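K.L.:
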Amino acid sequence: MNPVNYLYLAALLFTIGATGVLIRRNAIVVFMCVELMLNACNLAFVAFSRMHGNLDGQIIAFFTMVVAAAEVVVGLAIIVSVFRARHSASVDDASLMKL
Amino acid sequence: MENLIALLVAAPLLGAAVLLCGGRRLDAVGHWIGTALAALSFVFGVILFADMLGKDPEHRTLMQHLFSWIPVEGFQADVAFQLDQLSMTFVLLITGVGSLIHVYSIGYMEHDERRRRFFGYLNLFLAAMLLLVLADNYLLLYVGWEGVGLASYLLIGFWQHKPSAATAAKKAFLVNRVGDMGLSIAIMLMFTTFGTFAFGPVLEATGDTSEGKLTAIGLMLLLAACGKSAQVPLQSWLGDAMEGPTPVSALIHAATMVTAGVYLIVRSADIFNAAPDAQLVVTVVGAVTLLFGAIVGCAKDDIKKALAGSTMSQIGYMVLAAGLGPIGYAFAIMHLVTHGFFKAGLFLGAGSVMHGMNDEVDMRKYGGLRKYMPVTFVTFGLGYLAIIGFPGLSGFFSKDKIIEAAFAKGGTEGWILGGCALLGAAITAFYMTRVMLMTFFGEKRWQPDEHGHEPHPHESPKVMTIPMIVLAFGSVFAGAFFGIGERFVKWLEPVTGFEHGHPPISALTVTLSTVAVMVLGVGLAYVQYGRRPVPVVAPRGSLLTRAARRDLLQDDFNHVVLVRGGEHLTRSLVYVDHTLVDGVVNGTAATMGGLSGRLRRLQNGFARSYAVSMFGGAAVLIAATLLMRAV
Amino acid sequence: MTAQLAAYSTSTGEAFQFWVLGTVAVIGALCTVFMKKAVHSALCLAGTMIILAVFYLANGAYFLGIVQIVVYTGAIMMLFLFVVMLVGVTAADSLKETIKGQRWLALLCGLGFGILLIAGIGNASLTEFNGLGQANANGNVEGLAALIFTKYVFAFELTGALLITAAVGAMVLTHRERTERAKTQRELAEQRVREGKHVPPLPAPGVYARHNAVDIAGLLPDGTPSDLTVSKTLRDRGQIRDVSTEALQDLKALEQRAEDRLERSNSGGANSGGSNSGKGSK
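Each protein sequence line maps, in turn, to chains A, B and C.
According to UniProt numbering, the residues represented by the first sequence are 1 to 99, in order.
According to UniProt numbering, the residues represented by the second sequence are 1 to 631, in order.
According to UniProt numbering, the residues represented by the third sequence are 1 to 282, in order.
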């Protein structure tokens, strides 16, 4: 098997995640989809690492994970406080970004 | 010695500053300060003149660099002076005649409570005019040029409480702006063509420049000269400028202002020499103006306006001569100087007459004044003889030479120009005799004015008559002094160049015919106005007379062509502005507004919609990258 | 999944594993997107992540594989689940789209993006294939550590700072500072008396209740439900189940039956029978 298949899988997962971000309204699910996209990227990095024969790709994936962890912490905190204020976790309810 | 040149300008400028800023406390002595500083400038001029005479004719030019005005790379504007024979002539004329007019004004303006201010303006006028003739580059000349325009505006409108004076000042200023435009365009053309506007480099470079460019520059300079010197088609301000006090008229007509145009043309001689087309236009303008002014002069009953017409006509002679090239430059300047003497004398005489007649200007209400004001009569009469070219007096020498040079132009042009000049001489004799006869001869025709005050004609005080006497001497002897032995021509030759013209008919014939037409003109006028009593109310007159009374319809022409045309142009432009420009602008705005309204819907506030556009953008970026790689 | 495999080439075993687990991963991802309930989405995502961890291991990223399981699946997904619980498990999203055209646009963009991405990968010249044999020679973790603490040490330190900041930020966002002293029980009682509201203690859950679930309000003597009997948290979430109409019907039926029985035997307890028949009707 050609390891490029991992890249195709990563592309597919990324696209699914992105589409999910676009169509789901529940902020938590949207967040999960973002995580899916990040994971797809990580898979691509790992596959690249293997192809190129060095560990830099894995390092990047590692950093992605750490940053994702930080992002999840802040993001979920935001969701919780938004939920407290608006009693809703729907991203459409927070449609104040217009005149 | 060069350092004196700046003082020439500085003295009257100082006077203007002191008088205009000094306030009321100088009212008592203001006129003396002004006169003294004008005279001081004249003294400097005489010193420089004496110094110049002591030098070799080819090395008489003095240069003085005062400071760099705008020292920018590639654009060097200096405040620097150049005093050569041409400038010297003007300096002496301006300061000499100007000083005499200052002296005269002391008496003439005695009862005017704003006399100090008047002298301030007079000094400003002199300073600006001196700056104009002393500048060593066109830009500084332009400064003086505008200064002259400003001073003339202030002086013509000096009696600003009269609406007619205010309007006349405005008119003079506006018409002059047209000419100034020409000068500024000419300077810009010079800068783009030669990269400089100093006289020396520009005039030296004319040899290597295309004739088209030089013609353009020349025509623009001519436009400028037309504005300042009241030549057709920018002549209309001169008649109205008579609204100013009479000394101002004398100053404008004799020493400053109108001579500026002639100076400009003669100073730019090299440009015109290399552009025959422009030269031809100059001669045509001169010839048309000399006839125009003469005809207007015949019909005017206002003594000052008649003299104004005469000035226009005489300046026409000068411009005609200046357009003839090296055969005419010296004669143009010579006529300018002699004209400065006799025209100043005539205007001061007219002022003296008005002074004695309760400021009455209508010649039909004069008559027989020779008995009441003998000094004025004699000086005015000498000026009269000089202007009509009575043999031996100054006008004879200068005008005769111009007519001769006009014939010497050669070919059909020469005949036409010479014919015009001869005809002009005849008409000059006619209208000047008319002025003379109506004013000083015949029955007394004055009547009490509306308040019942009978005028009591009287001779003017000495302070007024002495300048007139001095000028009368100039009118009588200047021509002979300059003309005999070609003294003046030799004096100017290093600057303007000189060639002897060769008229198709002998010089003697020209002289004889000039005298003959002069006698003819005088005779006609005598028949018309000397033998018959002059009616107090002007007869209706022929069509030409009526047109001439209205300045040959110059204002009507301006009104119909320029004012109406301008109005129509403005109206159509407004229409275009409203429909086309506003349409485009409003249409654009409406389109943008509509589009924005549509676009606004994209911004619905939903984060997911924005995410879609981001995602789409990312897709487009990938597509673009792939395409670029594929290519 | 040997070191040799990860190093140079892919074996048939790995190919088999890829196709099977890859399919599961894609299905998991799709389920994440399309499941109605957030909990289900989270579980599907966790499954996908575990599969990804397996793929990491297969690709020789042993450290990352373990980290993926421990940090992602273990910690982050638990955090998600925790928040889901906090926000409400039962609140299922309706999948009905509210923004006009959003779904079509999203699908179109997703499709176009995916096709372009896959086309790009297919287009790229990815012939080089070195394997990690050499890089992992001294062990994967040691190799990573060598890189992190030398080449990427600055980024590593920055990431540490980022994590601290994130932790503080999360605390700031969620923690609410108490601005006044908590009231004592005595003060609360005095306040109740002063306001004249709920002078006696709140009704206990289960008083006249027909059910013993905590989210079902107890009934007042007139048969109407009293929200006060339900815990404040459930009240705030609006998760009270109102069974009052049902209860009133039950009450009517009970009275009917009681009358029947009274007429028949003139004896028996309505109270005890009520609770029995209530259970029976459920």
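The beta carbon of each residue, even a glycine, is placed where N, CA and C say it ideally should be.
Source: prediction; values computed, not measured.
Output the boundary residues of the beta strand (DSSP E) element that contains P535/B.
P.N.:
Note, P535/B: premise wrong, no beta strand (DSSP E); not H, not E.
K.L.:
Using three-state DSSP, classify G137/C as helix, strand or coil.
P.N.:
The residue you asked about is not Gly; residue 137/C is Ala in the sequence shown. DSSP places A137/C in coil when its eight states are reduced to three.
K.L.:
Under 7 Å, Cβ to Cβ, is there at least one residue of chain A near G110/C?
P.N.:
Yes - at least one Cβ of chain A is within 7 Å of the one on G110/C.
K.L.:
Check whether chain A comes within 7 Å of A611/B, counting only Cβ atoms and requiring the distance to be less than that.
P.N.:
Output row for A611/B: interface = yes.
K.L.:
Which same chain residues, not among the five before or five after G65/C, have their C-beta less than 6 Å away from its C-beta?
P.N.:
Correct list, in chain order: A53, Y56 and L57.
K.L.:
Could you please tell me which residues of the region 179–207 of chain B, in chain order, have their CB closer than 9 Å to any CB of chain A?
P.N.:
Residues passing the 9 Å Cβ filter: none.
K.L.:
What did DSSP end up calling A124/C once you bin it into helix, strand or coil?
P.N.:
In this structure, A124/C counts as coil in the three-state DSSP scheme.
K.L.:
Quick one: residues in its chain with C-beta nearer than 6 Å to the C-beta of R97/C, no 5 flanking neighbours on either side, listed in chain order?
P.N.:
Here the sequence assigns Glu to residue 97/C, which means Arg is not the residue at that position. Result list for E97/C: R103, in chain order.
K.L.:
Who pairs with V79/B in a beta bridge, going by DSSP?
P.N.:
According to DSSP, which records beta bridges pairwise, V79/B is partnered with F67/B.
K.L.:
Report yes if the CB atom of L19/B is closer than 7 Å to the CB atom of R116/B, and no otherwise.
P.N.:
In this structure, R116/B lies closer than 7 Å to L19/B by Cβ.
K.L.:
Can you give me the C-alpha to C-alpha distance between G101/C and R50/A, rounded to a whole angstrom?
P.N.:
Each residue's Cα considered, the two are about 41 Å apart.
K.L.:
Using 10 angstroms around the beta-carbon of D577/B, count the other beta-carbons present and answer buried if the total reaches 16, otherwise exposed.
P.N.:
Flag for D577/B reads exposed.
K.L.:
Are any of the Cβ atoms in chain B nearer than 7 Å to that of I99/C?
P.N.:
Yes, contact with chain B.
K.L.:
Which partner residues of P200/C appear in the DSSP bridge assignment?
P.N.:
P200/C pairs with nothing; no bridge assigned.
K.L.:
Under a CB-based cut-off of 7 Å, is F75/B close to chain C?
P.N.:
Judged by the 7 Å Cβ criterion, F75/B is not in contact with chain C.
K.L.:
Output, in chain order, the set of chain C residues within a Cβ distance shorter than 9 Å of R608/B.
P.N.:
Within 9 Å Cβ-Cβ: I99, Q102 and A106.
K.L.:
Hey, out of K228/B, L189/B and A507/B, whose CA is closest to A216/B's CA?
P.N.:
Checked all of K228/B, L189/B and A507/B; the closest Cα to A216/B is L189/B.
K.L.:
May I ask you to list, following chain order, the residues of the region 113–130 of chain C that have a beta carbon less than 7 Å from some beta carbon of chain B?
P.N.:
Listed by position, the residues of the region 113–130 of chain C near chain B (Cβ gap below 7 Å) are F113, L116, L117, A119, G120 and N123.
K.L.:
Out of V84/C, L105/C, L163/C and V153/C, state which residue places its alpha-carbon closest to the alpha-carbon of T19/A.
P.N.:
Selected option, being the one with the closest Cα: L105/C.
K.L.:
Taking 7 Å as the CB-CB limit, is A189/C close to chain A?
P.N.:
No - not a single Cβ of chain A is within 7 Å of the one on A189/C.
K.L.:
Suppose you measure from the CA of G75/A to the CA of V620/B; what does that come to, to the nearest Å?
P.N.:
So the two alpha carbons sit approximately 28 Å from each other.
K.L.:
Beta-carbon within less than 8 Å of G273/C's beta-carbon, same chain only, minus the 5 sequence neighbours each way: which residues are those?
P.N.:
With a pLDDT of 43 at G273/C, under the threshold of 50, the predicted position of this residue should be treated as unreliable, though the coordinate-derived value follows. Around G273/C: L254, R257, A258 and R261.
K.L.:
Does P163/B pass the burial test, meaning 16 or more other C-beta atoms within 10 Å, or should it be called exposed?
P.N.:
The residue is exposed, with fewer than 16 neighbouring Cβ atoms inside 10 Å.
K.L.:
Among I295/B, Q314/B and V519/B, which one has its Cα closest to the Cα of L553/B?
P.N.:
For the residues I295/B, Q314/B and V519/B, the minimum Cα distance to L553/B belongs to I295/B.
K.L.:
Roughly how far, in whole angstroms, is the beta-carbon of L132/B from the beta-carbon of L122/B, given that I think they are within contact range, below 8 Å?
P.N.:
Between L122/B and L132/B the Cβ distance is about 16 Å, and since that is not below 8 Å, they are no contact.
K.L.:
Check for me: the alpha helix (DSSP H) holding I505/B runs from which residue to which?
P.N.:
Segment: none, I505/B is in no alpha helix (DSSP H) and carries neither H nor E.
K.L.:
Quick check on DSSP: helix, strand or coil for S81/A?
P.N.:
In this structure, S81/A counts as helix in the three-state DSSP scheme.
K.L.:
Would you check if the distance between the CB atom of M129/B and the CB atom of F118/B is smaller than 7 Å?
P.N.:
No, the pair does not count as a contact, with Cβ atoms beyond the cut-off.
K.L.:
Kindly list, in the order they appear in chain B, the residues whose Cβ is closer than 9 Å to that of L36/A.
P.N.:
By Cβ distance, chain B contributes nothing, its closest Cβ being about 14 Å from L36/A, past 9 Å.
K.L.:
Alpha carbon to alpha carbon, what distance is there between V73/A and L79/C?
P.N.:
C-alpha separation (whole angstroms): 8 Å.
K.L.:
I240/C touches chain A at which residues, Cβ-Cβ below 8 Å?
P.N.:
Going along chain A, no residue has its Cβ under 8 Å from I240/C, so there is no contact; the nearest lies around 14 Å.
K.L.:
Sorted by chain position, which residues of the same chain lie with C-beta nearer than 8 Å to H40/C's C-beta, five sequence neighbours on each side aside?
P.N.:
Here the set comprises C31.
K.L.:
So, helix, strand or coil for N558/B, using DSSP?
P.N.:
N558/B: helix per DSSP, three-state reduction.
K.L.:
Are any of the Cβ atoms in chain C nearer than 7 Å to that of L627/B?
P.N.:
Output row for L627/B: interface = no.
K.L.:
Within its chain, find whatever has a CB closer than 6 Å to the CB of P455/B; leave out the 5 residues flanking it on each side and keep chain order.
P.N.:
Cβ neighbours of P455/B beyond the five flanking positions: M357, N358 and W446.
K.L.:
Answer yes or no: the CB of G424/B versus the heavy atoms of the ligand FMN, is any distance below 6 Å?
P.N.:
Of the ligands one can find in the structure shown there are none, so the ligand FMN has no counterpart to examine.
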